[in-house]
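So the structure is just underneath, and the comments pick up after that.
In the numbering used here, the protein residues as written are 214 to 298.
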């Protein structure tokens, strides 16, 4: 049997960064407890989808990036968040 990869199917709340990060961390912990060695969230899991005008608010993207960087995880995790381009 190979290594277990967790694809985290969440239901993030648009604009609620703190609640979304808490849900991401809960899902990562559950995945790790069930033997996953790496985890992925969906795109924009930190800010919720679709973020629409929130992306235009000053500092929103930076807050999302900071929150994604601060996610506590016992296993490597790819966290979906908007980035400036």
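By construction, the Cβ of each residue, glycine as well, lies at the ideal position given by its N, Cα and C atoms.
{"query": "Contact belief for residue 237 with residue 292 at Cβ below 8 Å, rounded distance in angstroms", "result": "6 Å"}
{"query": "Cβ separation of residue 287 and residue 245, assumed to be a contact under 8 Å, to the nearest whole Å", "result": "5 Å"}
{"query": "CB of residue 267 within 8 Å of CB of residue 240, strictly", "result": "no"}
{"query": "Collapsed DSSP secondary structure at residue 258 in the structure displayed", "result": "coil"}
{"query": "Exposure of residue 283, with buried meaning 16 or more beta-carbon neighbours within 10 Å", "result": "exposed"}
{"query": "C-alpha distance - residue 263 paired with residue 248, whole-angstrom precision", "result": "31 Å"}
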